[in-house]
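To start, the structure under review is shown below, and the notes come after it.
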């Protein structure tokens, strides 16, 4: 499906990024928020990162200072493995069609995570380029962020 006009395509190739407003419908955002609130509640019973990924890393990364009273989830790795709602957004929102329109139809999904900054926490994700953190043999890649 064509979701981008030529001006958006040109802007992406000139500037290296594209902002798609309303890429995720409001009702889906509400569902994601409910899921995330559940993970926050679950985290209250933990004092350190928990849950296991296949590579041995914890699925739920907690900020220093995390407590039951002041939960501070820093990151949820691979939320699409835990939540049909997150999987649905990854598969069905405008970003998928926009990526295919920009780099072609042979799109492969790499990984997903939720970085959070809850009230009262000091989480900071500094500016960086994702390409440098993973080995790649194909540089036709796009990182999609939902804010």
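Residue numbers (this note's numbering): 108 to 254. For every residue, glycine included, the Cβ atom is placed at its ideal position computed from N, Cα and C. All of these numbers come straight from a predicted model, not from anything done at the bench.
Expressed to the nearest angstrom, what Euclidean distance is found between the alpha-carbon atoms of residue 181 and residue 193?
Taking the straight line from one Cα to the other gives about 17 Å.
Identify the continuous beta strand (DSSP E) that holds residue 168 and give its terminal residues.
Start and end: 165 to 169.
In three-state terms, what does DSSP make of residue 182?
It is a strand residue.
Give the straight-line distance between the Cα atoms of residue 127 and residue 200, rounded to the nearest whole angstrom.
One C-alpha to the other measures close to 11 Å.
So if DSSP puts residue 159 in a beta bridge, which residue, or which two residues, is it bridged to?
Its beta-bridge partners are 165.
For residue 225, decide whether its Cβ has a neighbour in chain C, counting only Cβ atoms nearer than 9 Å.
Annotation note: the requested chain C is absent from the structure, which comprises a single protein chain.
In terms of alpha-carbon separation, which member of 190, 123 and 116 lies closest to residue 144?
Out of 190, 123 and 116, 190 has the C-alpha closest to the C-alpha of residue 144.
Name the two residues that bound the continuous alpha helix (DSSP H) containing residue 122.
Note, residue 122: alpha helix (DSSP H), 113 to 122.
Tell me, please, which residues DSSP counts as bridged to residue 221.
BP columns for residue 221 point to 183.
Can you tell which of 165, 219, 208 and 168 has its C-alpha closest to the C-alpha of residue 186?
Residue 186 has its Cα closest to that of 219, out of 165, 219, 208 and 168.
Is the CB-CB distance between residue 184 and residue 171 below 9 Å?
It is not a contact, given that the beta carbons lie outside the stated cut-off.
Applying the criterion that 16 or more other CB atoms from any shown protein chain within 10 Å of the CB defines a buried residue, is residue 133 buried or exposed?
Under this definition residue 133 is an exposed residue.
Under three-state DSSP, which class holds residue 215?
Three-state result, residue 215: coil.
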